[in-house]
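Engineer: The sequence shown lines up with residues 392 to 647 when you count with my numbering.
Encoded as structure tokens, here's the structure I'll be asking about.
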Amino acid sequence: MRPIDVTILDVVSEAPQIKTLRLDRDLDPYPGQYAMLWIRGLDEVPMSFSGPDSITVQSVGEASEALTSLGIGESIGLRGPLGRGFTILGERILIIGGGVGVAPLAFLGEQAAEAGREVTSLLGYRCCSDMIFLERFQRLGRTVVTTDDGSSGICGRVSAGLEALDIDEYDQIYLCGPEMMMWDVISKIREQAEKIQACINRYFKCAAGICGSCCLDPEGIRVCVEGPVIRADRLLESEFGRYRRGPTGGKGPCRG
Ligand SMILES: Cc1cc2nc3c(=O)[nH]c(=O)nc-3n(C[C@H](O)[C@H](O)[C@H](O)COP(=O)(O)OP(=O)(O)OC[C@H]3O[C@@H](n4cnc5c(N)ncnc54)[C@H](O)[C@@H]3O)c2cc1C
Ligand code: FES
Numbered sequence: 392m393r394p395i396d397v398t399i400l401d402v403v404s405e406a407p408q409i410k411t412l413r414l415d416r417d418l419d420p421y422p423g424q425y426a427m428l429w430i431r432g433l434d435e436v437p438m439s440f441s442g443p444d445s446i447t448v449q450s451v452g453e454a455s456e457a458l459t460s461l462g463i464g465e466s467i468g469l470r471g472p473l474g475r476g477f478t479i480l481g482e483r484i485l486i487i488g489g490g491v492g493v494a495p496l497a498f499l500g501e502q503a504a505e506a507g508r509e510v511t512s513l514l515g516y517r518c519c520s521d522m523i524f525l526e527r528f529q530r531l532g533r534t535v536v537t538t539d540d541g542s543s544g545i546c547g548r549v550s551a552g553l554e555a556l557d558i559d560e561y562d563q564i565y566l567c568g569p570e571m572m573m574w575d576v577i578s579k580i581r582e583q584a585e586k587i588q589a590c591i592n593r594y595f596k597c598a599a600g601i602c603g604s605c606c607l608d609p610e611g612i613r614v615c616v617e618g619p620v621i622r623a624d625r626l627l628e629s630e631f632g633r634y635r636r637g638p639t640g641g642k643g644p645c646r647g
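Written as structure tokens, this is what we have:
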């Protein structure tokens, strides 16, 4: 698939280092699907949709920094929407997100609420200045917030907020965020793993299921085409939360 040319219509600063780019096309993605964004002359990187025509980027390195430096009227190449997104199931859903991982979940929550589902959100941030999309979630229903430094909501990691909720009440749980935060949540409620849909990250190159860069040991799940949303019971005995492969294919630690 060759990239199409998209132009940036608007740029919104959400938090230090995090910006939302609104594009000139509604590509009709499912929440949880992603696009490969080609910053010409530099790199092509995966980003989830945070709305039908938007992506939300945290600047962590060269490509994401270049994306967050783009202005209105500038253009990028885009392949997508790609991969398998979230499936809306059941009547009562719980969203659990951390950091910039809340971006695809805000999009999901809005579609689920529109479809008549009852939405509860548990959101974890490092501190109160990082609380992106809080109002989007609060408009959907009950929202519990945790911050690592205690500057807002419950003090602690997002799993500390699980105690404020009765997990058995929910038909389906949707999870996205830093890998160790997701692993912490999955480990704490592993008996519920079959009803957790987790949007996960691996190093993507082809994004077409061919190169093997994103495969998860030991099953070989190709995250770029079979995911990035994977049911958590398939992650329990995998490399997820233990190690991940980088650009060279070598194993490295999981972060976050
Ligand atoms: C399915 C998916 C959806 C994502 N959605 C978002 C999003 O909505 N918002 C957001 O800010 N980030 C998202 N990311 C992460 C984003 O792709 C990386 O932060 C970005 O590629 C970093 O590139 P860099 O050059 O800025 O940083 P680098 O310094 O190159 O890398 C920083 C980190 O990003 C990882 N990374 C770099 N290139 C890739 C790549 N091609 N594939 C996967 N990981 C990579 C590296 O392993 C490293 O851990 C997503 C990743 C995946 C796989
Ligand atoms: S990125 Fe090439 S197979 Fe997934």
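Each residue gets a CB set at the ideal place from its N, CA and C atoms; glycine is no exception.
1) Restricting to Cα atoms, I'd like to know which of GLN424, ALA503 and GLY552 is closest to ASP444.
2) DSSP three-state label for PHE650, please.
3) From LEU485, LEU499, GLU456 and PRO569, pick the residue whose C-alpha is nearest to that of ASP419; which is it?
4) Within 10 Å of its beta-carbon, does GLN563 have 16 or more other beta-carbons around it, so buried, or fewer, so exposed?
5) Can you list, in chain order, the residues of its chain whose CB lies under 7 Å from that of PRO638, leaving out five sequence neighbours each side?
6) Residue ranges of each beta strand (DSSP E) run of no fewer than 3 residues wholly in the stretch 567-625, ordered along the chain?
7) Take VAL491 as the anchor and find which of ALA504, SER441, GLY611 and GLY476 has the nearest alpha-carbon.
8) Between VAL536, ILE399 and GLU405, which has its C-alpha nearest ILE554's C-alpha?
9) For ligand 2, enumerate in chain order all residues having a CB closer than 7 Å to any of its heavy atoms.
10) Have a look at the DSSP bridge pairing and note the partners of ARG475.
11) Pairs of beta-carbons, one from the stretch 446-457 and one from the stretch 499-514, closer than 8 Å: are there three or more?
12) Taking the straight line between their C-alpha atoms, what separation do you get for ASP624 and ILE587?
13) Going by C-alpha to C-alpha distance, which of GLU505, ARG581, ARG548 and THR411 sits closest to GLN449?
14) Going straight from the alpha carbon of GLU509 to that of ASP559, what length do you get?
15) Alpha carbon to alpha carbon, how far is ARG393 from ARG431? Give it in angstroms, no decimals.
16) How is the alpha helix (DSSP H) around GLY442 delimited, first residue to last?
17) Threshold first: 3 residues or longer. Then list the beta strand (DSSP E) segments lying entirely within the stretch 472-547, N to C.
18) Tell me whether GLU453, by its Cβ, gets closer than 7 Å to a heavy atom of ligand 1.
19) Leaving out the 5 sequence neighbours to the left and right, which residues in its chain are closer than 8 Å to PRO472 when beta-carbon positions are compared?
Structural biologist: If we stick to the structure as given:
1) GLN424
2) Outside the displayed span of the chain (392 to 647) sits residue 650, for which this structure offers no information.
3) LEU499
4) buried
5) TYR594
6) 587-590 and 620-622
7) SER441
8) Residue identity check: residue 554 is Glu in the sequence provided, not Ile. Looking at the Cα atoms, VAL536 is the closest of the given residues.
9) Chain-ordered list of matching residues: PHE595, LYS596, CYS597, ALA598, ALA599, GLY600, ILE601, CYS602, GLY603, SER604, CYS605, CYS606, ARG613, VAL614, CYS615 and VAL616.
10) PRO619
11) no
12) Those two C-alpha atoms are separated by around 8 Å.
13) Among GLU505, ARG581, ARG548 and THR411, the Cα nearest to that of GLN449 belongs to THR411.
14) 14 Å
15) 13 Å
16) No alpha helix (DSSP H) holds GLY442; the beta strand (DSSP E) holding it covers 434-442.
17) 483-489, 509-516 and 534-538
18) yes
19) Cβ within range, chain order: LEU418, ASP419, PRO420, TYR421, GLN424, TYR425, ALA426 and PHE440.
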